[in-house]
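Okay, so here's the structure we're looking at.
There are 2 protein chains.
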Amino acid sequence: MTESRAVGTKGMPREEREAQLVVAGTEEFGRAGYAGASMVEIARRVGVTKPLLYQYFGSKDGLYLACLHRAGSRLTEGVATTMAEGGEPDQMPLKVLSAIFTTFDHDRYAWRLLRDATVPATGDIAAAAADYRRRLDAFALLGATQLMTSRGLADPVDIEAIAQVWTGVVDSLISWWIDRPDEDAAAMTARCARIMGGLFGW
Amino acid sequence: MTESRAVGTKGMPREEREAQLVVAGTEEFGRAGYAGASMVEIARRVGVTKPLLYQYFGSKDGLYLACLHRAGSRLTEGVATTMAEGGEPDQMPLKVLSAIFTTFDHDRYAWRLLRDATVPATGDIAAAAADYRRRLDAFALLGATQLMTSRGLADPVDIEAIAQVWTGVVDSLISWWIDRPDEDAAAMTARCARIMGGLFGW
DNA sequence: ATGCGGTAACTTACCCTAGGGTCACTTAAC
DNA sequence: GTTAAGTGACCCTAGGGTAAGTTACCGCAT
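Protein sequences appear in the order of chains G and V.
Using the UniProt record's numbering, read the first sequence as starting at 1 and increasing by one per residue.
Using the UniProt record's numbering, read the second sequence as starting at 1 and increasing by one per residue.
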């Protein structure tokens, strides 16, 4: 903890402090949601006061957007890379999960920012989050289509539903993981492999 | 809508008005979360003002608890009844889904109250919600255990994870359903049957 | 080496509004 | 005329947002 420094201490360069604040913000927004999170609490976590937070990010929305863009871009890039590698449709879900777990091992709340229901219904945040969700949903839809056509189930609305359920599965796996900090990405991936094997009879 | 009545109109009996307010509250809390929902907005939906809401429910927490208890008891009772009927482990998930869809066809937001991350971390609401979740999780755990032991997968931690994923699946199905008001409970159940058939190769 | 400005990091103390919560009152119905 | 349904107008606090100042560091000229 940066702590008990005298007033006016220079502290650390802006870039580094911003990174700290984005990490703290991601955790707090992820935990309590946009509406439930408090700016002073986020500042306090880093050992700094609110005005600095506002100087760097302008507003609560500004901070949220910074957190959201970091989470969203890392997520979409990671998933895009994994999907681009291709492979058996049956194997894709596990590969994608593995990529997500590895990327967010030390940042487990990030995923939740894209699916926070408490952000204002209109505005920059809603638009940005919807955009990231749209991109991820497109991947999910692609994966679901490949998986289902390989099994002769082709109703497009069913496939939409499957894609959404898939994101819900990721959601709940991450929530479960958040509550078990000792389980690392590799263990989590292995667990999912085992579970899917058992459930789908592979 | 009860609308444009003159001031001081007797209106309707308390019981009926309370029921309306609980319905409106459930929708608003479900949509925006505890932290994001506004009491005046909930009153406005019913065509009434805030003081009446407070006279009947005492506080925001009081209203939330009323909504939560209605949702939670209906849910746990419905699931308990369905689980008590017994049947093939493979068939239970669909039976439970069917019960949930039927019970909440006209009250689709109710499910979300049990899983709202924006309620204060301590206090009556958190305790009550945790209790309902605990009961539902126990059913999920039971179902997951039966399903998995029938397939020779017995790691208890894996089963915990499966149970949690199951609740996440319900969550995302309901979210998907909320966005498609024309799909009724029967259609939703049929869709799930089709999807599970395709995915699990039944 | 020292003093001295400029700048960047950071704070204290404040403003302002949204929204939770209350009071005193009005009117319809029996 | 008593009671229950309902209201307009208010209070108060939490929390988003800001203004003005304080201190440390760095580069530089002497």
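Glycine included, every Cβ here is placed at the ideal spot set by N, Cα and C.
Buried or exposed: where does residue i fall if 16 or more other Cβ atoms within 10 Å of its Cβ makes it buried?
i, result
"residue 203/G", "As displayed, chain G neither begins before 1 nor continues past 202, which places residue 203/G out of reach and without an answer."
"F101/V", "buried"
"Q55/G", "exposed"
"S172/V", "buried"
"R134/G", "exposed"
"R14/G", "exposed"
"M83/G", "buried"
"M148/V", "buried"
"G58/V", "exposed"
"F200/V", "exposed"
"E27/G", "buried"
"E85/V", "exposed"
"A127/V", "exposed"
"A163/V", "buried"
"T103/V", "buried"
Mind reading off the beta-carbon distance from residue i to residue j? Whole number of angstroms is fine, and I expect it under 8 Å.
i, j, result
"A138/V", "I159/V", "Wrong, their Cβ atoms sit about 12 Å apart, outside the cutoff."
"T167/G", "S98/G", "So it is not a contact: roughly 16 Å between Cβ atoms."
"I42/V", "L53/V", "7 Å"
"G72/G", "Y132/G", "4 Å"
"T118/V", "T122/G", "Going by Cβ atoms, the distance from T118/V to T122/G rounds to 19 Å, so no, they are not a contact pair."
"V165/G", "V48/V", "Not confirmed; about 38 Å, so no contact."
"Q20/G", "P89/G", "Actually they do not touch by this definition, with Cβ atoms about 41 Å apart."
"L136/V", "L75/V", "7 Å"
If you reduce the DSSP assignment to three classes, tell me which class residue i lands in.
i, result
"P51/V", "helix"
"P13/G", "coil"
"V23/G", "helix"
"T118/G", "coil"
"H69/V", "helix"
"T184/V", "One detail in the question is off: residue 184/V reads as Asp in this sequence, not Thr. Correct three-state label for D184/V: coil."
"V7/G", "In this prediction, V7/G scores a pLDDT of 46, lower than 50, which makes its location untrustworthy; no coordinate-derived value is stated."
"Y109/G", "coil"
"R134/V", "helix"
"A154/G", "coil"
"D179/V", "coil"
"P89/G", "helix"
"S38/V", "coil"
"F139/V", "helix"
"S98/G", "helix"
"S172/G", "helix"
"F104/G", "coil"
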